[in-house]
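Read in this note's numbering, the first sequence has 34 at position 11, and its numbers run on one by one without any break.
One structure below.
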Amino acid sequence: MTLLRHSFSIRFAPKAPYDFTLTVRKPAGWTLFSSIEAFEKGFLWTAAHIEGILVGMKLSSEGTVDAPQVVAELFTERRMPTRRQKAIGRALRRNIGADDDLGGFYDIARRDDILKHVLDDLYGMHSTSQSTIFPDAALAILLQMAPIKRSNAMIDCFITNYGEMAEFEARRIPSWPLPAQLAGRDPAELAKACKLGYRAKRLVELAKKIDSEGFPDTEELERLAPEESKRLLLGLPGIGPYSADIVDPHGGFPIDVWSADVFGKLFFGEEPKDKRADIECIKTEGLRRWGKWSWMAFLYVVQDLENLSKKLEIKLRLI
DNA sequence: GCGTCCAGGTCTACC
DNA sequence: GGTAGACCTGGACGC
């Protein structure tokens with residue numbers, strides 16, 4: 024437990040359109056940083072390591088979708104000098120997609136037979152990210168070969184037991200574990216404590232590799248060529264094509280057994296006969312159809328499945 | 001109740 | 001280089 028007794032505030036204007044609620048708490052229940060964060064009456068309480076520092080956050084919006092204003096009250100263990108405050112603020116802006124321009128995506132989405140149906144519901148929803156790749160990489164490992172209910176149970180247990188607990192404003196929010204916190208752990212202990220099965224070994228191996236050899240952070244990966252970024256990610260233990268597409272800041276099209284069913288029906292009008300075998304074919308069609316906007320298209324579709332099912336009169340498996 | 005199947009993949013041994 | 005088979009666990013399903 025780490026008590027975050029010092030605080031500072033920042034305020035900034037994201038690039039419109041920006042819907043704060045849709046962005047930080049996605050309709051399908053996706054959280055911003057921690058899987059265990061509180062969203063009440065327009066305020067999000069969450070915690071994450073930013074710039075290597077555990078930061079508790081109370082985020083809210085005082086603007087509108089077309090004239091957005093985000094207010095962030097940030098909590099740290101030690102008093103932050105102005106320079107560090109600015110660095111944390113810059114990273115947070117980046118994490119919540121505040122500077123991302125949705126214009127190009129909306130241009131192609133309005134002309135697309137699938138995406139045109141989701142724009143009204145999700146207008147102003149931005150993609151978000153973490154500062155380092157470890158949380159998303161660990162998340163991807165915990166999503167492998169398990170129903171979503173079990174994955175959620177594993178994630179919550181993993182974060183609660185092995186992450187650093189941030190205490191601020193009478194709230195306790197667990198953050199994702201850092202590689203250094205996990206590298207020395209016995210995989211058998213993790214497997215037993217959170218029923219992670221074979222995933223425990225992969226998590227510890229991933230943590231050891233990143234902790235001992237280092238790895239580019241999200242911003243550095245984005246500056247690399249997409250092929251190089253993907254190559255580096257695929258070199259990590261436990262990270263295959265599906266997980267790399269979740270983690271890669273260049274944006275991928277992460278098709279697994281569940282999304283193969285959804286996108287198979289959307290693209291070809293029927294669910295794949297052999298979902299695993301057809302994953303590559305469905306992924307190819309998504310990348311052909313949406314190109315550099317494939318990740319945004321994936322995000323918008325999976326956040327609006329119920330509406331899309333009704334509009335297209337197709338039965339889609341919900342998350 | 002009990003046994004079997006398989007799920008938001010990846011790794012490895014074997015050919 | 002391509003490809004079965006193994007890997008944890010627990011809910012769903014058939015009997």
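Ideal placement from N, C-alpha and C gives every residue a C-beta, glycine not left out.
None of the values given here were measured: they were computed from a predicted structure.
Buried/exposed call for residue i, threshold 16 Cβ in 10 Å
i: Phe291; result: exposed
i: Thr69; result: buried
i: Ile111; result: buried
i: Val235; result: In the sequence on display, residue 235 carries Ser and not Val. Exposed.
i: Glu60; result: buried
i: Thr307; result: exposed
i: Tyr323; result: buried
i: Arg246; result: exposed
i: Gly52; result: exposed
i: Ile171; result: exposed
i: Thr241; result: buried
i: Ser252; result: buried
i: Lys49; result: buried
i: Ala230; result: buried
i: Ser32; result: exposed
i: Leu72; result: Residue identity check: residue 72 is His in the sequence provided, not Leu. Flag for His72 reads buried.
i: Met24; result: exposed
i: Lys81; result: buried
i: Tyr185; result: buried
i: Val280; result: exposed
i: Arg222; result: buried
i: Gly309; result: buried
i: Asp301; result: buried
i: Pro104; result: exposed
i: Leu26; result: exposed
i: Asp327; result: buried
i: Leu213; result: buried
i: Gly127; result: exposed
Integer-rounded CB distance, given that residue j should sit under 8 Å from residue i
i: Leu77; j: Ser198; result: 6 Å
i: Gly79; j: Phe98; result: 4 Å
i: Ser84; j: Gly120; result: Not confirmed; about 14 Å, so no contact.
i: Pro277; j: Ile269; result: 5 Å
i: Asp136; j: Val88; result: Not quite, the Cβ-Cβ distance comes to about 25 Å (not below 8 Å), so this is no contact.
i: Phe286; j: Ile262; result: Not really, about 22 Å apart at Cβ, beyond 8 Å.
i: Ile156; j: Leu165; result: With a Cβ gap of about 15 Å, Ile156 and Leu165 do not count as contacting.
i: Ile196; j: Ala189; result: 5 Å
Per DSSP, cross-strand counterpart(s) of residue i
i: Ala71; result: Val78
i: Phe62; result: Leu67
i: Ser84; result: Val93
i: Phe98; result: Ser30 and Gly79
i: Thr25; result: Ala189
Assigned secondary structure, residue i (DSSP; H/G/I helix, E/B strand, else coil)
i: Arg113; result: helix
i: Met188; result: strand
i: Val285; result: helix
i: Arg34; result: strand
i: Pro170; result: coil
i: Trp196; result: Rather than Trp, the amino acid found at residue 196 in this sequence is Ile. In the structure shown, Ile196 sits in a strand (DSSP, three-state: E or B).
i: Glu293; result: coil
i: Met140; result: Note on residue identity: the sequence assigns His, not Met, to residue 140. Note: His140 maps to helix in three-state DSSP.
i: Ala51; result: coil
i: Glu308; result: helix
i: Ser152; result: coil
i: Ser317; result: helix
i: Pro145; result: Residue 145 is actually Leu in this sequence, not Pro. Residue state, collapsed to three classes: helix.
i: Arg134; result: coil
i: Gln108; result: helix
i: Asp122; result: coil
i: Ala300; result: helix
i: Asp327; result: coil
i: Ala206; result: coil
i: Pro158; result: helix
i: Met103; result: coil
i: Tyr129; result: helix
i: Asp42; result: coil
i: Lys338; result: coil
i: Phe181; result: helix
i: Leu201; result: coil
i: Ser332; result: helix
Closer than 7 Å: residue i CB and nearest the ligand NAP heavy atom
i: Phe191; result: Absence of the ligand NAP from the depicted structure is noted, as is the absence of any ligand whatsoever, leaving it without description.
Please specify which runs of the alpha helix (DSSP H), each continuous and at least 4 residues long, are wholly inside the stretch 209-278, giving them in chain order. DSSP runs (the alpha helix (DSSP H)) wholly in the stretch 209-278: 210-217, 222-236, 241-246, 249-257 and 264-270.
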